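For reference, the structure discussed in these notes is given below.
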Amino acid sequence: MLKSLLIIARNGFQDHELAGVRSELLKAGFRVILGSTEAGPCTGKFGSTEEATVALKDCRVADYDRIAFIGGPGAEALSENEDARALARATVDAGKPLGAICITPLILAKAGVLKGRKATVWDSGGEQIAILKAHGAIVIHQAVVVDGSIVTGNGPQAALSFGVALAGL
Numbered sequence: 682m683l684k685s686l687l688i689i690a691r692n693g694f695q696d697h698e699l700a701g702v703r704s705e706l707l708k709a710g711f712r713v714i715l716g717s718t719e720a721g722p723c724t725g726k727f728g729s730t731e732e733a734t735v736a737l738k739d740c741r742v743a744d745y746d747r748i749a750f751i752g753g754p755g756a757e758a759l760s761e762n763e764d765a766r767a768l769a770r771a772t773v774d775a776g777k778p779l780g781a782i783c784i785t786p787l788i789l790a791k792a793g794v795l796k797g798r799k800a801t802v803w804d805s806g807g808e809q810i811a812i813l814k815a816h817g818a819i820v821i822h823q824a825v826v827v828d829g830s831i832v833t834g835n836g837p838q839a840a841l842s843f844g845v846a847l848a849g850l
């Protein structure tokens with residue numbers, strides 16, 4: 682069975698994005714594993730609770746067929762997390778599909794994997810787009826953007842189509 686790893690924030694992941702992306706991966710036949718900065722309980726922006734079974738520092742790219750970062754207000758801090766950035770780089774280096782939705786394309790940008798690639802991001806007034814551009818990304822104003830083995834989505838309304846794109850890579 683194909684395995685996917687979805688990385689969520691310990692506090693403040695985007696509940697609707699996780700639900701939509703996970704549902705599409707499950708429909709496509711993937712087993713979905715949740716990871717976070719630490720294993721254990723995680724709380725969504727809207728109050729849902731999930732159990733992360735793997736810590737970022739313990740994630741091995743070889744164990745998964747797809748890896749994606751889920752957004753939400755708590756996810757912005759992941760762009761400064763070296764374990765998150767290292768996981769993004771290792772996923773691309775291994776040639777495996779990598780996804781980031783909402784604010785999490787910042788992780789990919791800061792990891793250096795969006796340089797010269799098309800991407801989208803949730804943006805609150807230009808700041809997030811500026812960060813992607815500063816790291817060499819070509820920002821496309823669409824809900825979901827696929828460039829090679831990387832898929833980005835711009836927020837909760839894109840969760841289902843993002844999940845379909847991620848599963849199809």
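Numbering-wise (this note's numbering), the sequence shown opens with residue 682 and increments by one. No residue lacks a Cβ here, since even glycine has one placed at the ideal position from N, Cα and C. It should be emphasised that the depicted structure is a prediction, and the values quoted were computed from it without experimental measurement.
Asked                                                                                                                                             : Found
Buried or exposed: L795, going by 16 or more other Cβ atoms within 10 Å of its Cβ?                                                                : buried
Three-state secondary structure (DSSP) at T785?                                                                                                   : coil
Using 8 angstroms as the threshold, is the C-beta distance between L847 and V702 below it?                                                        : yes
Below 6 angstroms CB to CB, which residues in the same chain sit around P778 once its five sequence neighbours on both sides are set aside?       : R747, S830 and L850
Let me check one thing: in DSSP terms, what residues is E732 bridge-paired to?                                                                    : P722
With distances taken from CA atoms, which of K791, K799 and G755 is nearest A769?                                                                 : K791
Relative to the C-alpha of I812, which candidate in I689, E731, S760 and Q695 has its C-alpha closest?                                            : S760
Distance check for R766 and L788, CA to CA, integer angstroms please.                                                                             : Leu is not the amino acid found at residue 788; the sequence shown has Ile there. Each residue's alpha carbon lies about 6 angstroms from the other.
Helix or strand or just coil, what does DSSP make of R703?                                                                                        : helix
Given a threshold of 16 other Cβ atoms within 10 Å of its Cβ, counted over all protein chains shown, does L699 qualify as buried or as exposed?   : buried
Ignoring anything shorter than 3 residues, give me the beta strand (DSSP E) runs that lie fully in the stretch 762–848, in order along the chain. : 779–782, 825–828 and 831–834
Please report the straight-line C-alpha distance between R798 and H697, rounded to a whole angstrom.                                              : 26 angstroms
Short check: CB of L715 to CB of T730, under 8 angstroms?                                                                                         : no
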